[in-house]
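For reference, the structure is listed below as structure tokens.
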Ligand code: SF4
Ligand code: SF4
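Numbering (the numbering used here), first residue to last: 230 to 649.
Right, here's the structure in full:
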């Protein structure tokens with residue numbers, strides 16, 4: 230029987246949907262490199278400087294460590310503005326000049342847990358949407374009992390970037406997972422993959438060849454790739470908040486993290502480019518490239534778009550303009566054209582409970598949204614707003630068209646910001 234979780238949606242996203250192979254984005258005229266909303270950018274370059282591809286241009290603080298910011302393309306620094314909302318812009322020069330990370334002093338397989346942890350931070354590899362992941366704390370708290378799940382489940386319908394990464398770079402997924410095992414100091418990696426994924430056979434053969442791996446066949450259900458849902462499906466442990474692996478004794482990392490770890494260790498490539506799905510295209514994009522460059526590359530005039538979403542239809546966020554930069558976690562771009570339909574008018578909540586039934590984080594979306602609208606953020610914190618993973622299931626089922634996810638996100642930002 231395939232593993233699954235409670236809540237979520239049975240969205241008809243066929244594992245067999247065709248998606249084109251990965252191509253490389255060209256014609257980028259400017260990179261805009263930013264840092265997370267609540268972080269301060271500290272540039273290490275100035276306007277007029279020249280940088281090689283994979284060169285470091287700045288850093289920001291996260292979890293007590295400095296996380297570097299890299300450029301995927303060589304070029305000239307146009308602007309370098311420090312602080313919150315700061316940014317660095319690079320005008321690419323089209324050269325092949327590269328400045329990879331310093332080579333390792335020993336084979337990757339012989340690195341210690343601390344050395345792999347340092348490598349992940351040095352290469353700015355995001356782990357479950359965060360940086361500077363507290364591997365040391367996790368190792369100390371788990372006392373050798375941590376379970377490591379490698380998430381190879383697909384994301385939301387219409388987003389194929391993880392599928393293409395796994396299909397086209399399976400060896401990096403497996404070898405990168407071994408590096409994450411070192412960082413976590415665990416002896417086993419449990420791979421979670423949907424039974425109907427097109428790459429199920431290949432990954433299951435790879436797992437069978439190596440006793441370090443165990444395969445879990447998952448039922449396709451959205452959002453199966455969320456940490457809370459996955460831990461429940463695989464271990465039976467129900468959490469309201471999986472952000473603390475010390476508590477859950479379980480770490481979930483995505484296939485993207487494994488590949489990024491491998492590329493940093495073996496190829497010296499820091500994390501500054503990623504595969505982005507747009508319609509049936511899958512394009513390797515430099516982080517910081519304008520979304521308009523991706524649309525142009527795929528033959529779509531950005532001026533034809535009515536709304537552009539950074540992400541898929543369920544988890545994505547509305548872009549301000551077509552020139553918003555592709556971020557380190559942008560897995561897809563979704564475009565709505567005139568005639569695709571307006572956003573329906575919102576009506577009062579009827580307490581139908583549908584949002585509660587689908588919420589995989591087991592919180593009360595309607596109650597949190599209502600208190601966020603009233604700016605009662607302390608109440609939102611008490612009722613578990615931080616556990617929201619912004620999966621969008623509540624928005625999808627709400628018959629009153631209340632923008633629940635957006636309201637909850639506002640409360641989350643206020644609650645998390647007020648901690649500092
Ligand atoms: S689904 Fe919408 S209408 Fe129903 S309880 Fe939730 S917020 Fe209210
Ligand atoms: S409240 Fe958050 S976690 Fe729950 S369904 Fe809505 S978006 Fe998903």
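The beta carbon of each residue, even a glycine, is placed where N, CA and C say it ideally should be.
{"Check": "7 Å Cβ shell around residue 596 - same chain, five flanking residues per side excluded", "Outcome": "612"}
{"Check": "Top-ranked residue by Cα proximity to residue 264, from 625, 419, 353 and 345", "Outcome": "353"}
{"Check": "Straight-line Cα distance separating residue 249 from residue 401", "Outcome": "20 Å"}
{"Check": "Distance between residue 382 and residue 255 (C-alpha atoms, nearest Å)", "Outcome": "29 Å"}
{"Check": "Residues sharing a beta bridge with residue 539, DSSP", "Outcome": "546 and 562"}
{"Check": "6 Å Cβ shell around residue 600 - same chain, five flanking residues per side excluded", "Outcome": "608 and 609"}
{"Check": "Runs of alpha helix (DSSP H) lying entirely within the segment 417-444, each at least 4 residues, in chain order", "Outcome": "429-438"}
{"Check": "Check: residue 629 C-beta below 6 Å from any heavy atom of ligand 1", "Outcome": "yes"}
{"Check": "For residue 322, the nearest candidate out of 476, 282, 314 and 522 (CA to CA)", "Outcome": "282"}
{"Check": "Heavy atom of ligand 2 within 6 Å of residue 641 beta-carbon", "Outcome": "no"}
{"Check": "Straight-line Cα distance separating residue 278 from residue 517", "Outcome": "18 Å"}
{"Check": "Residue 506: first and last residue of the uninterrupted beta strand (DSSP E) it sits in", "Outcome": "502-507"}
{"Check": "Residue 342: first and last residue of the uninterrupted alpha helix (DSSP H) it sits in", "Outcome": "342-351"}
{"Check": "Touch test, the segment 580-591 against the segment 517-528, Cβ-Cβ under 8 Å, three pairs minimum", "Outcome": "no"}
{"Check": "Inter-residue Cα distance where the pair is residue 276 and residue 299", "Outcome": "16 Å"}
{"Check": "Counterpart residues of residue 288 in DSSP-defined beta bridges", "Outcome": "271 and 297"}
{"Check": "Rounded straight-line distance, which links the Cα of residue 588 to that of residue 236", "Outcome": "5 Å"}
{"Check": "Span separating the alpha-carbon of residue 437 from that of residue 286", "Outcome": "42 Å"}
{"Check": "Under 7 Å between C-beta atoms of residue 364 and residue 409", "Outcome": "no"}
{"Check": "Same chain, Cβ closer than 8 Å to residue 502, five either side skipped, listed in chain order", "Outcome": "301, 513, 514, 515 and 516"}
{"Check": "Where residue 641 falls, given that 16 or more other Cβ within 10 Å makes a residue buried", "Outcome": "buried"}
{"Check": "Cβ shell of residue 316 (< 8 Å), same chain only, five flanking positions each side left out", "Outcome": "261, 262, 263, 270, 308 and 310"}
{"Check": "Heavy atom of ligand 1 within 6 Å of residue 580 beta-carbon", "Outcome": "yes"}
{"Check": "Any non-hydrogen atom of ligand 1 closer than 6 Å to residue 595 Cβ", "Outcome": "yes"}
{"Check": "Spatially closest choice to residue 556 from 540, 604 and 478, by CA coordinates", "Outcome": "540"}
{"Check": "3 or more residues per run - each beta strand (DSSP E) lying fully within the segment 299-336", "Outcome": "304-310 and 316-321"}
{"Check": "Residue 590 Cβ short of 6 Å to ligand 2 heavy atom set", "Outcome": "yes"}
{"Check": "Ligand 2 heavy atom lying under 6 Å from the CB of residue 619", "Outcome": "yes"}
{"Check": "Identity of the residue in 621, 639, 440 and 590 nearest residue 603 by Cα", "Outcome": "639"}
{"Check": "Beta-carbon gap between residue 567 and residue 630 smaller than 7 Å", "Outcome": "no"}
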